[in-house]
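K.L.:
Residue numbers (the numbering used here): 10 to 716.
Idealized CB from N, CA, C, for every residue including glycine.
Since this is a predicted model, take the numbers as computed values, not measurements.
This is the structure I have questions about; it appears just below.
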């Protein structure tokens, strides 16, 4: 067995040694110019070892010898490429074994020599077949581009002689880097454009535009195509033919002409139909047409006649909502208002006037309806109240909501009356502001009807500007309205709610607000921007704000604070009892509130010292003083509520003199369970009382009393 292995090893050794000797002999024969013997040796080796580097190099060198009768430069180029590729795969040891005949330098020198000879051969032969073979098999030759250009030049001469679009197109696609490629393209574009012009139809121009996107004739081709298609559309002279042209070629120079002709045909067609729907379709479809305004005019005329023929509130409302810019809009509003108001006036009921106001919130008769309704609602109640005399009146206001609660009353320099109320419904509360003249006839009203929760607790007016203060979504909120009740601005501050608002003689805003345990006094510019703020802690609920001789007086439940115009404290008096309102006259203060369920009146001097306290009882279970004013002869009028035998509140009005002596009193019930009585002096004499009343549903009641 050992002998067999030994023999095998010897055979391999002798075989390798023989191969090595053959390669050496092959290169020696090559050197001696015995090319045939050298070829045979290298061919024999390659037959057994096709990737042998030495044999590949040797046979490449043999075939590159021009004087050798069997020379083959293409075969030589192929073999040197094999030698080059396989040499890179050898390790260092194997490269050292063949270093006498093979190295990277020898391979590159051989390749360059073959490349040079091959190039000279091709140039000399100048045959297309040989060039094609070179371009197919010698892609990495340094002369590849040169040969390609030579072949391209030959082909270009052929293309020029044929002078066809197809020949140029094929040539351009084949030789993208040829130096005369732009010349070829130019001629191709020229021929293609001439062909399109000769055929002269939409398809021929579109094919040119599709196939030759870089041609300089693109713009002219589009122009000729568009002109041709437009002329064809004019021959048909139909809406569809013009619309098709507009849709297909929106950038065409003729596009405006096409639209004008289309719109004219469409409008003539619509006029023949002469219906609201046909005019609406035209307006919607041809929005830029010059006939749109005329179409709207004709449509509005038809719609107006239709609304008049139907002659219902619904038909007039539909016209107003659908055609708000129609010239007939004012006439329609008049017809609607007349239609709504005349039945209301004929019925002469609160419900009929309320229906009118719902339909016509901006109507000219809105104020009249508002006043008629208020008078009708209060008619029975006014008869019931015996002390109402010739110079007095009573008005009831409601918005037919669940609950309307009075929150404040004031008047301006013209004795116009301003009311603020809060309308409580199941899911939200919204504010209602009413401005009346001195006779309680409506000037304007406004509901802040929003998705937001909002309440107003104070209102005042100066220089035809109305200011309100309250809360919106739990934040301090003020508004400024113009003389028509339209919003000028609103400001929303931090969490809390506004309590009272006043305007100084210099048109600055003074705002009193509460935020949990903090009472805040703010001075603002007329546009709502903050000038300064002062915070006071643990004073209880803020109640009232008054301005007297450039000082600000703040009433809380158990404190009276005097501030100068910069917010500096002049005095802070602890009152010990709950207070709701106060008066100032000649630096004397009168405060009203409650003590042990009775009216409490306190008189203070200018320094806040108590002059006297008086308690008044009306035999009710609970008496609460809510508001106080001066009336004639320096008498003081206090309004509040007293609990009756049915456990409901009646209004109690008490008149006292300067020393607290009781002058007269009156208890009355307006409807059921009266609440929130507020007082203001009336013009010249008397006073006006605002309150809410109702057991389940509250209404707003405003009454003028003669003293």
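Nearest to residue 498 by CA position, among 185, 709, 489 and 678, is which residue?
P.N.:
489
K.L.:
With the cut-off set at 9 Å, would you say residue 342 and residue 325 are in Cβ contact?
P.N.:
At a Cβ-Cβ threshold of 9 Å, residue 342 and residue 325 count as neighbours.
K.L.:
Quick one: measure Cβ to Cβ for residue 516 and residue 535, integer angstroms, because I've assumed they're closer than 8 Å.
P.N.:
5 Å
K.L.:
Should the region 569–580 be called in touch with the region 520–527, which here means at least 3 C-beta pairs below 8 Å?
P.N.:
no
K.L.:
Tell me whether residue 45 is buried or exposed, calling it buried when 16 or more other Cβ atoms sit within 10 Å of its Cβ.
P.N.:
exposed
K.L.:
Comparing C-alpha positions only, which one of 639, 632, 469 and 142 sits nearest to residue 513?
P.N.:
It is 469 whose Cα lies nearest to the Cα of residue 513.
K.L.:
Rounded C-beta distance between residue 48 and residue 71? I'm assuming under 8 Å.
P.N.:
Taking a contact as a CB-CB distance under 8 Å, the pair residue 48 and residue 71 counts as one, their CB atoms being some 5 Å apart.
K.L.:
In angstroms, rounded to a whole number, what distance separates the CA positions of residue 119 and residue 98?
P.N.:
Separation of residue 119 and residue 98 (C-alpha to C-alpha, rounded to the nearest whole angstrom) is 19 Å.
K.L.:
Can you tell which of 266, 43 and 69 has its C-alpha closest to the C-alpha of residue 55?
P.N.:
69
K.L.:
Reducing DSSP to helix, strand and coil, say where residue 398 ends up.
P.N.:
Note that residue 398 scores a pLDDT of 46, beneath 50, so its modelled location is shaky; the value from the coordinates is reported in the next line. Looking at residue 398 - three-state DSSP - the assignment turns out to be coil, as it is neither helix nor strand.
K.L.:
Am I right that residue 8 and residue 92 are in contact with their C-beta atoms under 8 Å? What's the rounded C-beta distance?
P.N.:
A question about residue 8 goes unanswered here, because the residues of the chain that appear run from 10 up to 716.
K.L.:
DSSP three-state call for residue 7: helix, strand or coil?
P.N.:
The requested residue 7 is not part of the displayed model; the chain covers only 10 to 716.
K.L.:
Checking 9 Å against the spacing of the C-beta atoms, do residue 231 and residue 214 come in under that value?
P.N.:
yes
K.L.:
Pull up the DSSP beta-bridge partners for residue 500, would you.
P.N.:
487
K.L.:
Can you give me the Cβ contacts of residue 327 inside the same chain, cut-off strictly under 8 Å, excluding the 5 residues immediately before and after it?
P.N.:
316
K.L.:
Going along the chain, which residues of its own chain have a beta-carbon closer than 7 Å to the beta-carbon of residue 197, five neighbours each way excluded?
P.N.:
Its chain contains 174, 177, 178 and 181 as the residues whose beta carbon lies nearer than 7 Å to that of residue 197, once the 5 sequence neighbours on both sides are disregarded; these appear in chain order.
K.L.:
Run through DSSP, which three-state label would residue 291 get?
P.N.:
helix
K.L.:
Helix, strand or coil for residue 508 per DSSP?
P.N.:
strand
K.L.:
Would DSSP call residue 81 helix, strand or coil?
P.N.:
coil
K.L.:
Taking 8 Å as the cut-off, does the region 230–244 touch the region 206–221 (at least 3 CB pairs, one atom from each stretch)?
P.N.:
A contact exists between the region 206–221 and the region 230–244.
K.L.:
In the DSSP assignment, what residue or residues form a beta bridge with residue 433?
P.N.:
Residue 433 is bridged to 412 and 438.
K.L.:
With a threshold of 16 other CB atoms inside 10 Å of the CB of residue 336, please say whether the residue is buried or exposed.
P.N.:
Counting other Cβ atoms within 10 Å of its Cβ, residue 336 stays below 16 and is therefore classed as exposed.
K.L.:
Looking at the C-beta of residue 566, does it have a partner C-beta in chain D at a distance below 9 Å?
P.N.:
The question asks about chain D, but that chain is absent: this structure has only one protein chain.
K.L.:
Give a yes or no on whether the C-beta atoms belonging to residue 554 and residue 561 are separated by under 9 Å.
P.N.:
yes
K.L.:
Quick one: which unbroken beta strand (DSSP E) runs of 3-plus residues sit fully inside the region 628–662? Chain order, please.
P.N.:
632–639 and 645–652
K.L.:
For residue 571 versus residue 617, is the C-beta spacing smaller than 9 Å?
P.N.:
yes
K.L.:
Could you name the residues that DSSP lists as bridge partners for residue 568?
P.N.:
583
K.L.:
DSSP three-state call for residue 122: helix, strand or coil?
P.N.:
helix
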